[in-house]
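K.L.:
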């Protein structure tokens, strides 16, 4: 009977202390769930961050990859510096507010959206610039020569040329053409001068 009494007292003790533990655990869980729901990024914030990141990407890409980089480099750098400055300011504000336990999510989300747009736009814009636009502008800045006589003029004199216009009567000797491969295939052939009828002839 003593053993039964002791077991009964032990069970009563556990029953008396167990409910508060369950209530405490439930309160902590509820608090954490409410906090998580409060911190969840809503659809409006997601759409705003996506729009801001797209704007940052577009502005950065235009400043890095388009003609403004060549024609107005100061304007292009100003646009990039403005975005980088905005990203730095929002990052600093978000970090300061988070450390002081104040609401900082909107600042951190804004900073993240800006930095993603700047980095991706800069990387893609720079690749696009050197893949095509830089070569185009380099080509446009090269010299053009006209009325070249292949029987007299030397090819080494026109190494800076983008376009060459030969005298009337010049032609390509396709019968002696060759192919040269260096990544791409290039066709090479001599250009000779054959004067029109009634004009003195020259050897190429």
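Residue numbers (my numbering): 1341 to 1544.
Think of the CB as a built atom: it goes at the ideal place given N, C-alpha and C, for glycine as much as any other residue.
Would you call the CB atoms of residue 1456 and residue 1496 closer than 8 Å?
P.N.:
Mapped onto the chain shown, residue 1456 falls at position 116. Mapped onto the chain shown, residue 1496 falls at position 156. Not in contact: residue 1456 and residue 1496 (Cβ atoms no closer than 8 Å).
K.L.:
Report the rounded CA-to-CA distance for residue 1386 versus residue 1444, giving the unit in angstroms.
P.N.:
Taking the first residue of the chain shown as position 1, residue 1386 is located at position 46. Taking the first residue of the chain shown as position 1, residue 1444 is located at position 104. Roughly 16 Å between the two C-alpha positions.
K.L.:
Mind pulling the alpha helix (DSSP H) runs of 4 or more residues that sit fully within the region 1421 to 1449?
P.N.:
Counting whole runs of 4 or more residues, the region 1421 to 1449 contains no alpha helix (DSSP H) stretch at all.
K.L.:
In the structure shown, what three-state DSSP assignment does residue 1483 receive?
P.N.:
Taking the chain shown and counting its residues from 1, one reaches residue 1483 at position 143. Reduced to three states, the DSSP call for residue 1483 is strand.
K.L.:
Measuring CB to CB, does residue 1454 end up less than 8 Å from residue 1427?
P.N.:
Start at 1 with the first residue of the chain shown, and residue 1454 comes out as number 114. Start at 1 with the first residue of the chain shown, and residue 1427 comes out as number 87. Cβ distance < 8 Å, so residue 1454 and residue 1427 count as in contact.
K.L.:
So, helix, strand or coil for residue 1510, using DSSP?
P.N.:
The residue labelled residue 1510 in the question sits at position 170 within the chain shown. Strand, per DSSP.
K.L.:
Can you grab the Cα-Cα spacing for the pair residue 1364 / residue 1452, in whole Å?
P.N.:
As a position in the chain shown, residue 1364 is number 24, starting the count at 1. As a position in the chain shown, residue 1452 is number 112, starting the count at 1. Confidence at residue 1364 is low in this model, with a pLDDT of 49, below 50, so the placement of that residue is unreliable and no value is reported for it.
K.L.:
By the 10 Å Cβ neighbour count, where 16 or more other Cβ atoms means buried, how is residue 1490 classified, buried or exposed?
P.N.:
Reading the chain shown from its first residue, position 150 is the one you call residue 1490. Buried is the call here.
K.L.:
Bridge partners for residue 1503 per DSSP, in chain order?
P.N.:
To locate residue 1503, count along the chain shown from 1; it is residue 163. The partner list for residue 1503 (beta bridge, DSSP) reads 1484.
K.L.:
How do the region 1477 to 1488 and the region 1416 to 1431 stand: do at least 3 beta-carbon pairs fall below 8 Å, yes or no?
P.N.:
Contact between the region 1477 to 1488 and the region 1416 to 1431 is absent, because fewer than three Cβ pairs lie under 8 Å.
K.L.:
Considering only the beta carbon of each residue, do residue 1447 and residue 1404 sit closer than 8 Å?
P.N.:
Numbered from 1 along the chain shown, position 107 holds the residue referred to as residue 1447. Numbered from 1 along the chain shown, position 64 holds the residue referred to as residue 1404. No, the pair does not count as a contact, with Cβ atoms beyond the cut-off.
K.L.:
Is the beta carbon of residue 1505 closer than 8 Å to that of residue 1487?
P.N.:
Position 147 of the chain shown, counted from the first residue, corresponds to residue 1487. Position 165 of the chain shown, counted from the first residue, corresponds to residue 1505. Cβ distance < 8 Å, so residue 1487 and residue 1505 count as in contact.
K.L.:
Let me confirm a value: residue 1462 is counted as buried when at least 16 other C-beta atoms fall within 10 Å, else exposed. Which label applies?
P.N.:
Position 122 of the chain shown, counting from 1, holds the residue named residue 1462. The residue is buried, with at least 16 neighbouring Cβ atoms inside 10 Å.
K.L.:
Give every residue of the same chain whose Cβ lies closer than 8 Å to the Cβ of residue 1528, excluding the five residues on either side of it in the sequence, and list them in chain order.
P.N.:
The count along the chain shown starts at 1 and reaches residue 1528 at position 188. Cβ neighbours of residue 1528 beyond the five flanking positions: 1517, 1518, 1519 and 1520.
K.L.:
If you drop the 5 nearest sequence neighbours on each side, which residues of the same chain put their C-beta closer than 7 Å to that of residue 1533?
P.N.:
Taking the chain shown and counting its residues from 1, one reaches residue 1533 at position 193. Taken in chain order, the residues that qualify are 1489, 1490, 1491, 1507, 1509, 1510, 1542 and 1544.
K.L.:
What residue from 1524, 1401, 1531 and 1530 has the CA that sits closest to residue 1459's CA?
P.N.:
One-based indexing of the chain shown puts residue 1459 at position 119. Per the Cα distances, 1401.
K.L.:
Grab me the residues of residue 1525's own chain with a C-beta within less than 6 Å of its C-beta, minus the 5 sequence neighbours each way, in chain order.
P.N.:
Here residue 1525 refers to the residue found at position 185 when the chain shown is read from its first residue. So the qualifying residues of the chain are 1519.
K.L.:
What residue range does the alpha helix (DSSP H) around residue 1403 cover?
P.N.:
Numbered from its first residue, the chain shown carries residue 1403 at position 63. Per DSSP, residue 1403 belongs to the alpha helix (DSSP H) from 1383 to 1405.
K.L.:
At which residues does the beta strand (DSSP E) containing residue 1516 begin and terminate?
P.N.:
Working through the chain shown from its first residue, we reach residue 1516 at position 176. Residue 1516 -> no beta strand (DSSP E), and no H or E assigned at all.
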